[in-house]
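Novice: After the structure tokens below, expect a handful of questions from me.
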Amino acid sequence: MDLASITLKQAADLLRQRTVSAVELTQFFLDRIVTHNPELNAFITVDAEGALTAARQADARLAAGQGGPLTGIPLAVKDLFCTKGVRTTCASRMLANFTPPYESTVTRRLQEAGMVMLGKTNMDEFAMGSSNETSYFGPVRNPWDRSRTPGGSSGGSAAAVAAGLCVAALGTDTGGSIRQPASMTGITGLKPTYGRVSRFGMIAFASSLDQAGPMTRTVEDAALLLQAMAGHDPLDATSIDQPVEDYGSLLAQDKGPQERMRGLRIGIPQEYYTDGMAAAVRKSLEEAIRVFQDLGAVCQPVALPCTDYAIPTYYIIAPAEASSNLARYDGIRFGYRCEQPADLADMFARSRSEGFGAEVKRRIMLGTYVLSSGYYDAFYRKAQKVRRLIADDFQAAFTQVDLLLTPTAPETAFRIGEKNADPVKMYLSDIFTINVNLAGLPALSVPCGWDAQNLPIGLQLIGRPLQEGTLLSAGHAFQQVTAWHTRRAYE
Ligand code: GLN
1 MDLASITLKQ
11 AADLLRQRTV
21 SAVELTQFFL
31 DRIVTHNPEL
41 NAFITVDAEG
51 ALTAARQADA
61 RLAAGQGGPL
71 TGIPLAVKDL
81 FCTKGVRTTC
91 ASRMLANFTP
101 PYESTVTRRL
111 QEAGMVMLGK
121 TNMDEFAMGS
131 SNETSYFGPV
141 RNPWDRSRTP
151 GGSSGGSAAA
161 VAAGLCVAAL
171 GTDTGGSIRQ
181 PASMTGITGL
191 KPTYGRVSRF
201 GMIAFASSLD
211 QAGPMTRTVE
221 DAALLLQAMA
231 GHDPLDATSI
241 DQPVEDYGSL
251 LAQDKGPQER
261 MRGLRIGIPQ
271 EYYTDGMAAA
281 VRKSLEEAIR
291 VFQDLGAVCQ
301 PVALPCTDYA
311 IPTYYIIAPA
321 EASSNLARYD
331 GIRFGYRCEQ
341 PADLADMFAR
351 SRSEGFGAEV
361 KRRIMLGTYV
371 LSSGYYDAFY
381 RKAQKVRRLI
391 ADDFQAAFTQ
401 VDLLLTPTAP
411 ETAFRIGEKN
421 ADPVKMYLSD
431 IFTINVNLAG
441 LPALSVPCGW
451 DAQNLPIGLQ
461 LIGRPLQEGT
471 LLSAGHAFQQ
481 VTAWHTRRAY
491 E
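Residues in the sequence shown are numbered consecutively from 1, following the working numbering.
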């Protein structure tokens, strides 16, 4: 079997049968990272020693018959999850030398399940971006075409999965940062319901929108990861205190795709089918709709009238929260400090000027502006009201249908540098994903086609709050009858 394109489920079987050991599997991916990372730039930090230690522990557990479905599986982690003793930079000069003294809840849970962390993946600085070009550590390249971006901000995790540098990866999604790069690299990505997964130890960008999720080769793999990540955490007051569904068993049930989809009502939001959508994306979506219909789903148009307000609303709320969250980087307690400050004010100003990149500064200025006393009502409060209307749109749609089906991104991977001069153009990359975060809903991206330039296209399924199970079941049904998710970007 080709280990580079192995799924999590297949790897778990091989490990349990002892066909391969966790140490062998880990070494295999560490070797691939050495070979391919220089051209892709997917990892900021590789922790070979830590990974091999964890792999040896996993092998001991497996040998004692105490392994679970994730024991011994090599994982790549976006570099905004705090990992105790392992440098965590958020792709910023501000944190380039930051080694957290504690572990994020998500990575702790996955380590307790026996996963092996290979290293920390590249991303847009503080997760602000849609192309991975704002990283202090340089852009990530898309394994399907190295002159193009892998999307962002979880572009390093997406490229690592797509290029076979790990079995699975962790991303975070504030406005599309799991789903859009998943779509642009031909992999599967899930943003859970806001609060389903703990944010403790995730470096905050926009706290009311941020959510961690799996980036994998298949929906089945995403289900296994989510199951271990999800659940209430007393350390995160916004985490939801509701039982976690057994997503793994849900997909393992001996059910055919028809049985999964029969009678399910899928809404097609009419507002999404605008001129902004590339022709190849539209064509793939239409084919995907037919696949779901053939499986017995009922597809019908639905209206989300506030769709046009999603981007302006997000670019008020997210920067407002970011400006507040990023106030902690003052050069005093941790992070970058400028050389030889003249006085305290000089230290604040220069540490922040030198430590943050241009996009982060743009967001801090926007956010500070919309929160300032003269403009708070005109911008921030109004945006909060529109956010409610956007959530109400979804709620109304979900009285008629069980799921929504849309493209994940309006176009396929764009060239590095193509949108840099025009931030608004860049912001439009998230036009189909951003409103999902504003409404706090779960959404899944799976590959559904390739365009004429051999670049992947993704479809997005959006579900009701906490109905990750329905999303995963539908995504799995799609993967049972299509082969898009088996395409590989490498030999
Ligand atoms: N591209 C969006 C932004 O720049 C979303 C990023 C994200 O989801 N982290 O804010």
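Every residue gets a Cβ at the ideal spot worked out from N, C-alpha and C, and that includes glycine.
Helix, strand or coil, according to DSSP, for A64 in the structure here?
Specialist: coil
Novice: Specify, as a first and last residue, the run of the alpha helix (DSSP H) that M347 falls within.
Specialist: L344 to G355
Novice: Runs of 4 residues minimum, wholly inside the segment 419-469: which ones carry the alpha helix (DSSP H) assignment?
Specialist: Complete alpha helix (DSSP H) runs here, min 4: 423-427 and 434-439.
Novice: Determine the contact status of T412 and P456, defining contact as a CB-CB distance below 8 Å.
Specialist: yes
Novice: Give a single yes or no on whether T174 has its beta carbon closer than 7 Å to a heavy atom of the ligand GLN.
Specialist: yes
Novice: Which residue wins for smallest C-alpha separation from S372, given the options P319, C166, I178 and A345?
Specialist: P319
Novice: Closer than 6 Å by C-beta to I289: which residues in its own chain qualify, once you throw out the five before and the five after it? Chain order, please.
Specialist: C299
Novice: Give the DSSP bridge partners of L405, in chain order.
Specialist: L461
Novice: Give the secondary structure of N132 by DSSP, where H, G and I count as helix, E and B as strand, and everything else as coil.
Specialist: coil
Novice: Tell me, which residues are paired with C299 by DSSP?
Specialist: I266
Novice: Buried or exposed: where does P442 fall if 16 or more other Cβ atoms within 10 Å of its Cβ makes it buried?
Specialist: buried
Novice: Could you tell me the distance, in whole angstroms, from the CA atom of M229 to the CA atom of Q66?
Specialist: M229 and Q66: Cα-Cα distance of roughly 19 Å.
Novice: For S372, is the beta carbon positioned less than 7 Å from some heavy atom of the ligand GLN?
Specialist: no
Novice: Along the chain, which unbroken stretches of the beta strand (DSSP E) at least 3 residues long are found entirely within the segment 29-65?
Specialist: 43-46
Novice: Rounded to the nearest angstrom, what separates L405 and G119 at their Cα positions?
Specialist: Looking at the backbone, the Cα of L405 and that of G119 are separated by about 34 Å.
Novice: Mind listing, in chain order, the continuous alpha helix (DSSP H) runs of no fewer than 4 residues lying wholly within the segment 212-264?
Specialist: 219-229, 247-252 and 257-261
Novice: State yes or no: is the C-beta of D430 nearer than 7 Å to some heavy atom of the ligand GLN?
Specialist: Result yes, Cβ under 7 Å from the ligand GLN.
Novice: F334: beta carbon under 7 Å from a heavy atom of the ligand GLN?
Specialist: no
Novice: Is A318 a contact residue of the ligand GLN, with contact defined as CB to any heavy atom under 7 Å?
Specialist: yes
Novice: Return the chain-ordered ranges of every alpha helix (DSSP H) run that is complete within the segment 111-179 and spans a minimum of 4 residues.
Specialist: 155-162
Novice: Expressed to the nearest angstrom, what Euclidean distance is found between the alpha-carbon atoms of I44 and T174?
Specialist: 21 Å
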